[in-house]
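Taking it in order: structure first as structure tokens, then the write-up.
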Amino acid sequence: MAKKILIVEDEIFIAEMYKIKFESAGYEVFLAHDGVEGVSAAHERLPDLVLLDLLMPQKDGYQTLKELREEDGTKDLKIYILSNMGQKEEIEKGMNLGANGFFVKAHLTPTQLLEKINELI
Numbered sequence: 738m739a740k741k742i743l744i745v746e747d748e749i750f751i752a753e754m755y756k757i758k759f760e761s762a763g764y765e766v767f768l769a770h771d772g773v774e775g776v777s778a779a780h781e782r783l784p785d786l787v788l789l790d791l792l793m794p795q796k797d798g799y800q801t802l803k804e805l806r807e808e809d810g811t812k813d814l815k816i817y818i819l820s821n822m823g824q825k826e827e828i829e830k831g832m833n834l835g836a837n838g839f840f841v842k843a844h845l846t847p848t849q850l851l852e853k854i855n856e857l858i
């Protein structure tokens, strides 16, 4: 069975780009376009890995991460922040809220991100 990845990203073009890249490598990929959809999809799909953007409408990535970590059904998911926000304070805040790691979009090509994911799941 293919490993499942949930991408929580409000920029549809970016989400679709990653989806195509990861599916071509054999992953089953689900998209959510804001934090509210992300929480729901995480409960429904129980992915092997979540990639979570920070700046999103309705519920930002920090709120989404906090909620996922507080709920029994999702508290143990592998959740990695994938954001253009990469200042030390933002990374520390994400890690303190329970992120397993932090990737800065501008520092990784989709291929490089795929290589990292292959190592993680």
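Positions 738 to 858 (the numbering used here) are the ones given, in order, by the sequence shown.
C-beta atoms are modelled at their ideal positions from N, C-alpha and C, and glycine is treated no differently.
Keep in mind the model is a prediction, meaning the values are calculated, not measured.
Quiz item: Should the segment 738 to 756 be called in touch with the segment 803 to 810, which here means at least 3 C-beta pairs below 8 angstroms?
Solution: no
Quiz item: For the candidate residues Glu-856, Ile-816, Phe-840 and Lys-815, whose alpha-carbon lies nearest to that of Lys-825?
Solution: Locating residue 825 in the sequence shown gives position 88, counting from the first residue. For Lys-825, the nearest C-alpha among the options comes from Phe-840.
Practice problem: Whole angstroms is fine: what's the gap from Glu-774's alpha carbon to Asn-821's? | Solution: For this step, residue 774 is matched to residue 37 along the sequence shown. For this step, residue 821 is matched to residue 84 along the sequence shown. Near 20 angstroms, if we compare the C-alpha coordinates of Asn-821 and Glu-774.
Quiz item: For Gly-838, which beta-bridge partners are listed by DSSP?
Solution: Position 101 of the sequence shown, counted from the start, is the residue given in the question as residue 838. Beta bridge pairing from DSSP links Gly-838 with Tyr-817.
Self-check item: Ile-744 beta carbon less than 9 angstroms from that of Leu-851
Solution: To locate residue 851, count along the sequence shown from 1; it is residue 114. To locate residue 744, count along the sequence shown from 1; it is residue 7. For Leu-851 and Ile-744, no; Cβs fall outside 9 angstroms.
Self-check item: Span of the alpha helix (DSSP H) around Leu-802
Solution: Taking the first residue of the sequence shown as 1, we reach residue 802 at position 65. Per DSSP, Leu-802 belongs to the alpha helix (DSSP H) from 798 to 807.
Exercise. Round the Cβ separation of Tyr-764 and Ile-742 to the nearest angstrom and send it over; I've been treating them as touching at under 8 angstroms.
Key: Residue mapping note: residue 764 aligns to position 27 of the sequence shown, counting from 1. Residue mapping note: residue 742 aligns to position 5 of the sequence shown, counting from 1. Confirmed, Cβ separation roughly 5 angstroms.
Quiz item: For Val-766, which residues does DSSP report across the bridge?
Solution: For the purposes of this step, residue 766 is identified with residue 29 of the sequence shown, where counting begins at 1. Its beta-bridge partners are Ile-742.
Quiz prompt | Pairwise C-alpha distance: Lys-796 and His-770 | solution = Numbered from 1 along the sequence shown, position 33 holds the residue referred to as residue 770. Numbered from 1 along the sequence shown, position 59 holds the residue referred to as residue 796. Answer to the nearest angstrom: the Cα atoms are 10 angstroms apart.
Self-check item: Selected residue, minimal CA-CA separation from Lys-740, among Val-787, Glu-746 and His-780
Solution: Position 3 of the sequence shown, counted from the start, is the residue given in the question as residue 740. Checked all of Val-787, Glu-746 and His-780; the closest Cα to Lys-740 is Val-787.
Quiz item: For Glu-836, which residues from the same chain have a beta carbon less than 7 angstroms from its beta carbon, with the 5 sequence-adjacent residues on both sides left out?
Solution: Your numbering for residue 836 matches position 99 in the sequence shown. Note that residue 836 is Ala in the sequence shown, not Glu. Same-chain partners within the cutoff: Leu-802, Ile-816, Tyr-817 and Ile-818.
Self-check item: Length of the line joining the Cα atoms of Glu-760 and Pro-794
Solution: To locate residue 760, count along the sequence shown from 1; it is residue 23. To locate residue 794, count along the sequence shown from 1; it is residue 57. Distance between the alpha carbons of Glu-760 and Pro-794: 26 angstroms.
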